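*Asks:* As they're listed, the protein sequences go chains A, B, C and D.
The first sequence begins at 863 in the working numbering and counts up one residue at a time.
The second sequence begins at 863 in the working numbering and counts up one residue at a time.
The third sequence begins at 863 in the working numbering and counts up one residue at a time.
The fourth sequence begins at 863 in the working numbering and counts up one residue at a time.
4 protein chains.
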Amino acid sequence: MDASKKELADSGNLKIEWAKNHMPVLEQIRKEFEAEKPLKGRRIAMALHVEAKTAVLVETLAAGGANVAITGCNPLSTQDDVAYALDCKENISCCAKYDCTNAEYYEAIDKVLDMEPDITIDDGADLIFKLHKERRDLLPKIIGGCEETTTGIHRLMAMQKEGALEMAVLAVNDAQTKFMFDNRYGTGQSAWDGIMRTTNLLVAGKTVVIGGYGWCGRGIAMRAAGLGAEVVVTEINPVRALEARMDGYRVMPMANAAAIGDIFVTTTGNCDVISTEHFLKMKSGAILANAGHFNVEIDLEGLKKMSTDIKTVRKNIKEYTINKNQTESREQNSNKSGNKHEIKINVLADGRLVNLAAGDGHPAEVMDMSFANQALSVKYIAQNKLSHGVHKVPAEIDEWVASLKLKSMSIEIDRLTDKQRCYTDDWEAGT
Amino acid sequence: MDASKKELADSGNLKIEWAKNHMPVLEQIRKEFEAEKPLKGRRIAMALHVEAKTAVLVETLAAGGANVAITGCNPLSTQDDVAYALDCKENISCCAKYDCTNAEYYEAIDKVLDMEPDITIDDGADLIFKLHKERRDLLPKIIGGCEETTTGIHRLMAMQKEGALEMAVLAVNDAQTKFMFDNRYGTGQSAWDGIMRTTNLLVAGKTVVIGGYGWCGRGIAMRAAGLGAEVVVTEINPVRALEARMDGYRVMPMANAAAIGDIFVTTTGNCDVISTEHFLKMKSGAILANAGHFNVEIDLEGLKKMSTDIKTVRKNIKEYTINKNQTESREQNSNKSGNKHEIKINVLADGRLVNLAAGDGHPAEVMDMSFANQALSVKYIAQNKLSHGVHKVPAEIDEWVASLKLKSMSIEIDRLTDKQRCYTDDWEAGT
Amino acid sequence: MDASKKELADSGNLKIEWAKNHMPVLEQIRKEFEAEKPLKGRRIAMALHVEAKTAVLVETLAAGGANVAITGCNPLSTQDDVAYALDCKENISCCAKYDCTNAEYYEAIDKVLDMEPDITIDDGADLIFKLHKERRDLLPKIIGGCEETTTGIHRLMAMQKEGALEMAVLAVNDAQTKFMFDNRYGTGQSAWDGIMRTTNLLVAGKTVVIGGYGWCGRGIAMRAAGLGAEVVVTEINPVRALEARMDGYRVMPMANAAAIGDIFVTTTGNCDVISTEHFLKMKSGAILANAGHFNVEIDLEGLKKMSTDIKTVRKNIKEYTINKNQTESREQNSNKSGNKHEIKINVLADGRLVNLAAGDGHPAEVMDMSFANQALSVKYIAQNKLSHGVHKVPAEIDEWVASLKLKSMSIEIDRLTDKQRCYTDDWEAGT
Amino acid sequence: MDASKKELADSGNLKIEWAKNHMPVLEQIRKEFEAEKPLKGRRIAMALHVEAKTAVLVETLAAGGANVAITGCNPLSTQDDVAYALDCKENISCCAKYDCTNAEYYEAIDKVLDMEPDITIDDGADLIFKLHKERRDLLPKIIGGCEETTTGIHRLMAMQKEGALEMAVLAVNDAQTKFMFDNRYGTGQSAWDGIMRTTNLLVAGKTVVIGGYGWCGRGIAMRAAGLGAEVVVTEINPVRALEARMDGYRVMPMANAAAIGDIFVTTTGNCDVISTEHFLKMKSGAILANAGHFNVEIDLEGLKKMSTDIKTVRKNIKEYTINKNQTESREQNSNKSGNKHEIKINVLADGRLVNLAAGDGHPAEVMDMSFANQALSVKYIAQNKLSHGVHKVPAEIDEWVASLKLKSMSIEIDRLTDKQRCYTDDWEAGT
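#1: Once DSSP output is grouped into helix, strand and coil, what is the label at VAL1255(C)?
#2: For GLY1154(B), does the three-state DSSP call read helix, strand or coil?
#3: Can you pull the chain B residues whose beta carbon is under 7 Å from the beta carbon of ALA1091(D), in chain order?
#4: May I ask you to list, following chain order, the residues of the region 1056–1089 of chain A that have a beta carbon less than 7 Å from some beta carbon of chain C?
#5: Rounded to whole angstroms, what is the Cα-Cα separation between LEU1104(A) and GLU1261(B)?
#6: Report the partner residues of THR1069(D) according to the DSSP bridge assignment.
#7: List in chain order: all unbroken beta strand (DSSP E) runs of 3+ residues lying wholly within the region 931–985 of chain B.
#8: May I ask you to list the residues that DSSP assigns as paired with THR1183(C)?
#9: For the ligand SAH, any of its heavy atoms closer than 6 Å to the Cβ of ALA947(C)?
#10: In chain B, which residues lie with their C-beta within 7 Å of the C-beta of ARG1107(D)?
#11: Which two residues bound the contiguous alpha helix (DSSP H) that contains GLY1050(D)?
#12: Suppose contacts are defined by Cβ-Cβ distances below 7 Å. Is ASP1134(D) in contact with ASP1161(D) by that definition?
#13: Compare the C-beta of ILE1259(B) against all C-beta atoms of chain A and say whether one is closer than 7 Å.
#14: So what's THR1130(D) in DSSP terms, helix, strand or just coil?
#15: In the DSSP output, what is GLU1009(B) paired with across the bridge?
#16: Are THR1049(D) and GLY1081(D) touching if we call contact CB-CB under 7 Å?
#17: Determine the direct distance from the alpha carbon of VAL1252(A) to that of LEU1027(A), and round the result to whole angstroms.
#18: Give the list of continuous beta strand (DSSP E) stretches no shorter than 3 residues that lie fully inside the region 1214–1277 of chain C.
#19: Closest to ILE1072(C) by CA distance: which of THR1061(C), PRO1256(C), ALA1053(C), LEU1064(C) is it?
#20: List the residues of chain B that VAL1095(C) touches, going by C-beta distances under 8 Å, in chain order.
#21: Grab the span of the beta strand (DSSP E) containing ARG905(C) for me, first residue to last.
#22: Between the alpha carbons of ASP942(D) and ARG1277(B), how many angstroms are there, rounded?
#23: Closest Cβ-Cβ distance between ARG905(B) and chain A: below 7 Å?
#24: Once DSSP output is grouped into helix, strand and coil, what is the label at ALA1148(B)?
#25: I want to see whether chain A comes within less than 7 Å of GLU1227(D), judged by CB atoms only; does it?
#26: When DSSP labels each residue in this structure, what does LYS1198(C) get in the three-state scheme?
#27: Write down the C-beta distance between THR933(B) and ILE971(B) rounded to the nearest angstrom, noting that I regard them as a contact closer than 8 Å.
#28: Measure the C-alpha to C-alpha separation of SER1196(A) and LYS1186(A) and round it to an integer number of angstroms.
#29: Express the C-alpha separation of LEU1000(B) and PHE1233(A) in angstroms, rounding to a whole number.
#30: In angstroms, rounded to a whole number, what distance separates the CA positions of LEU1266(D) and MET1231(D)?
#31: From ARG909(D) to VAL918(D), what distance separates their C-alpha atoms?
#32: Note down, in chain order, all residues in the region 1239–1273 of chain C with a beta-carbon under 8 Å from any beta-carbon belonging to chain D.
#33: For LYS892(B), which residues does DSSP report across the bridge?
#34: Less than 7 Å between the C-beta atoms of ASP1055(B) and MET1084(C), yes or no?
#35: Note down the Cα distance separating TYR1047(D) from TYR1047(C), rounded to an integer number of angstroms.
#36: For the region 921–948 of chain B, enumerate the residues whose C-beta is nearer than 7 Å to any C-beta of chain E, in chain order.
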């Protein structure tokens, strides 16, 4: 290993070590895996954000006896030092780099699948999709997969609905100890960590527009309010819209929110949440960030076309300049002699997951819970024969993760007494 | 009608009118019911908290063509003026009074059932329980029932599990537009309204212990924090315990919380959440309130036995005095010559639902949504043949209630574009 | 004492006893006063809200050896049972009744002054004003006064500026342990207690407009947000306006806020904060409450003139109906055949202090601190010769009150070490 | 300029440009300075954190006609690219580098003073201190200085008290538009930005101990709660301690807090807030950060002596390992055979200002206000003859800054009507 390589590995290992020290649940599982080797002989293909917390999961799986090949699940979320450190470890190969092209991205997916996995772990379902479209020969060998994120589950449910899903998948995202914590408290904090460190701007006193009030959205909204912002929520679901309002936020269509927002964060899982009609209404200087899985929520193609100038004004910030009159005249074919009016729009991290592309991703402690679910779900797949389709994570895994987490925080809770257990089962006690 | 009766009716009607003006969703439904008479000829027996908002529901059902007989579902939650005003209305009979004895309470249940209902509406399942235990002759005539509260659903699920439920029941409580709003924002506010007006004490700077972090519990915790309290949560469920901690609250067993709490609010649906072992550890002057359905959460029998003195120190507040040494010596048979040490414990509203027994119950706006679900569920029962067992409220009712509520608040929300709808259904779009 | 009188006294004493049990600082002072009799032979005239907490102060002063005569400082804030109970006590005479006329109000002020006081205690400066305008003969006998509220201090400073203040006054309101707690946490909670119990409406999801971001205003805003409201602040001071914005609230002129508010609370100390131009812009059903000292903040005279109908729709709520077209046509002299458009405006407690006129006033614990300052200020006046003019409460009183309060809450804090004290005094230590 | 120098300047200028775009008040002042040249011929010596926002102030002063020489005020807060970019500008010389030694630090102070300034701008009073101790020859030329921070003012007041202050100083820190915003909202956010990006740990669910509840401390506490932490405050001032409690936080001595904290942030301005007695009680893994001006709040010397191992575990994080038994045995001379028990303590940024040493400092928008006060105070010094001693910033500067800031945020506020102005001045209006 030459000096610069060694430095890279050292830097990666330092990060991994730090993460490991803050992931006590996974640490406990690793110890058990080391003793029991429940994944002995398994080949696991992974496509996750390649950074320190993921590395701890990878090591845990390897400790359980598996061979692991991993690539990224997002072109901007890979940390090269961690990737290299992982690749140096036994029974682990890592094929991912920061800021790869789309071609490189999919090439890496292919390379990971070349290991002929029997288990997959996805964050966005790219491995499973590739398997079903181009690598169908590998499907028969698969005994099951795990999916980490809402967007991926959504995609898999769509596949299942069309009868196109030909493998078993555990919906790890839908474990309570995953989505209620990782999506809410994890994204809630890490999105703002990313935005604050990237912009060095004050959140207090700003109008923050959150696109989508799902678990991620409510986490981001909660923290925005906690940082002193006025929060505006956009939604398509009336029940969620009502919830947002009862939580004290303003609720309105994006077409109205566009004109008043200082910072926009999208987290819907859908495309074009902010699109050309909205850019034109924005205040000059608006900040746009995405915290949803894919980079489709902000219509960057549309924005690019409208812009007269695009430049990097700070690390991870691109400023798009729209000449409003020109745009409007183009659209409305009106007189061009009007006063020039420029809108400058700042897009963070090219509309990719702002917490990962412009930060270090979720805090270690929430990933501890999410990845504990992953590790135990992989073990469950290895030990049970599952039918094709999307499956729930068994409730006992969920409860076990929660209990272990509480223990690591030295928090004790009550237990039902016998009398209380009887009362619970009894339906005869009344007023 | 003599003068005092008239005054009673006027007072009741004024309250009903005020509530009606703040229940726009139910108002919309009433108009449709008046036009369509979907409940024509139906006999509906109800056991709900007899106060103004409930009266608006009763009137709505009567407007739909039904005959309605109603009694209370809690000995301390009836407002006599509203009860009388209701009883004066056409096609409605009301049989409920404030502070009735247990005997009177069950007598009234019986009297309401005497109408030979085909539909029941319960809040705690007392009607359904009575039907199954003592009035089985009436069961064949029942086409279905509605249940309003978590506790009732819990009871009914226990019955169903034992094969003892012989009628169809719609779990109105479990509609999203019910439990997420009524239980959380409704109980969250009304419990504190009740506690504040009853005690005139400051919440800020106090340690508030919440027993249970279900939907009611988290509403009460959220508002306690919003009022400046330090919040402590007790739980038996590890996932909820973790959530409470991530929400910034302290989590511990009641045995520890007992010693540090200034105000205790129980909301578990279970018995003995605060019991004899806890009273002894409390600070003198502790305030105890219950926001769960039944008055079993605080072990008042146990407290009474331990007390050397019980007196009313303010309206709706009973002060129990425990002589700690005496109690301990009784228990430990130790030397009685020790210094006397008194603990004074203040119980609000005799441990009954504090928001109703010491206040006016939930704000009209949340009951608007809950009772809109009730009215539409009753209509659904009247128009569909349902099998025995607990049924979900149809999703379209839920969504319709939310949409109508948003409209009444002049809130518009986004709709999916065609492109977005396609994206949602598509599973091929990736990174 | 006849039976109904005895009942009245009992009811009053029960309330006083409850308050006393939650005012540990004043209790400590009472013990010292009883032993030392620092007010022996003093005659103290008071005009404060006559309710239970005030009664505890009155008893404390009497315990110190004083003769006390008290009346109210607001026509709607007197509680008759407490007034009667006080009047029955030795060395205390109370002359106040609920819902008195203006004439009765000022008559009572006079009657209290008839005792020829040497010390006054005011809440709004009405005693002092009367002394300077009509009872100047009594001025020479006065050795000093105490003023409880921002509004009163404001009035006294205006008098002093004009050279019209001919006695010494301690600005009790300006003690840190008074205004930072009573005005902020006290008003913050009690205003909402009053509004919630009076309306039984949901605060969550509503737009609440707060007129003024002084210490009262920020308390009310903080609690409104804590109850789930969207908060809008109006201000005239740019620094406070900025603070409100940084605290996450919307800031705008009342002319804009009028159109979007669901609940309005004024707390500026000034007149016409909400006036005729604003009423016309309001949503029908808007709720108006005042938490400022005098009932001048909402222009009720103007509202009355605009209204076609005024009726009581619930206890303490008057509904004013404005026929918008008529009003506009009257103003604009336009065609009267337009469609009728009614706005209904609900005013709580006739625009008087909502926490007192529609509630029980501040929680006992904050009044404990405010009245501890009063009691110690009275003692200070009795023992020191002060020049004419407005004086600060001595810092040692402030600190003593805070320390005693912390002790009563079992809270310990750090002390400076010798090294830290040196560091504090040293200016040579640098980077 | 060689390539790497050019890159450095470009990087610095990009940062300055970004900051400038978010400092509209200073921008407005710069325009006026350019037109009026109020500082023509002035020589200004500065010791501030050399980063982008400061650079905008420096440029503003230069635009006003001044010659400016600047160095840092903290060894770890200089950003080298900004320093270089500044040094390249006309009439500006910058002498500061990141991670300088103490000797280099004071050398740079001297070098800046070599310009023979007539005005100084300090952040911590190091220039003024140097002037009074070693460069007294320069004192007669000084017409005044500005001080930016609480700690500096504190030092200057101590000097003044001892009669040692021989120049005029404007207490810029004490302008309302400075300390209420910069110290509270600025430090509140930037301290957490620094901690989150440095640790990548979750704040939610952690116990955060804040040393000191001054304006910085309450900002940090507010944001900690907003990020989901349980907040514990330590104080020496009883009034502030009470405030912290009423704000919902736990209050206790550091000796107790040490045992329960996960993250500690000091912000007292004093030394040894966390010291040897506290380290020993801490949970292993505790995170320690300082947000006070000097690096004296955490006793690092003491910690170093207790530690058996010190290593960098992540950028800006040093882990100190304490062998508890050894330490105790050393202290207690007890048996050494006990079980080894290690405590690992993580110190961020060597106990220096965490927001600057491990982040980008305050958000631009708050520095806009602080530095607008600086620029206008410098102009005020240039145009007025001030006596020796600490002076307040004139109120009109404060109000002007606030108004201009509101305008830049497009926020309008109310103005007093004539009637209201009369009411304000009138003391005769009563109940």
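We put the CB at the ideal spot given by N, CA and C, even for glycine.
All figures in this text were calculated on a predicted structure; none of them were measured in a lab.
*Replies:* Reading from the atomic positions:
#1: coil
#2: coil
#3: GLY1110
#4: ALA1066, GLY1067, ALA1087
#5: 11 Å
#6: GLU1092(D)
#7: Here the runs fully enclosed are 954–956, 981–984.
#8: ASP1171(C), LYS1206(C)
#9: For the structure depicted, the ligand SAH is absent and the ligand set is empty, with no information on it obtainable.
#10: By Cβ distance, chain B contributes GLY1067.
#11: 1049–1061
#12: yes
#13: Chain A, which has no Cβ nearer than 7 Å to the Cβ of ILE1259(B), makes this no.
#14: coil
#15: ASP984(B), ALA1033(B)
#16: yes
#17: 9 Å
#18: 1251–1253
#19: When the alpha-carbon of ILE1072(C) is set against those of THR1061(C), PRO1256(C), ALA1053(C), LEU1064(C), the nearest one is in ALA1053(C).
#20: Correct list: empty, because the minimum Cβ distance to chain B is about 17 Å.
#21: 905–909
#22: 50 Å
#23: no
#24: strand
#25: yes
#26: Caution is warranted here: a pLDDT of 41 is assigned to LYS1198(C), below 50, making its placement in the model unreliable, and no coordinate value can be reported.
#27: 6 Å
#28: Bear in mind that the predicted position of SER1196(A) carries a pLDDT of just 44, short of 50, making it unreliable; the figure below should be weighed with that in mind. Note on geometry: alpha-carbon atoms of SER1196(A) and LYS1186(A) lie some 12 Å from one another.
#29: 55 Å
#30: The straight-line gap separating the alpha-carbon atoms of LEU1266(D) and MET1231(D) is approximately 9 Å.
#31: This sequence places Ala at residue 909(D); Arg is not what is there. Answer to the nearest angstrom: the Cα atoms are 14 Å apart.
#32: ASP1260, GLU1261, ALA1264, SER1265, LYS1267, LEU1268, MET1271, ILE1273
#33: First, the amino acid is wrong: residue 892(B) is Arg here, not Lys. None; ARG892(B) has no bridge partner.
#34: no
#35: 21 Å
#36: Any reference to chain E falls outside this structure, whose protein chains are A, B, C and D.
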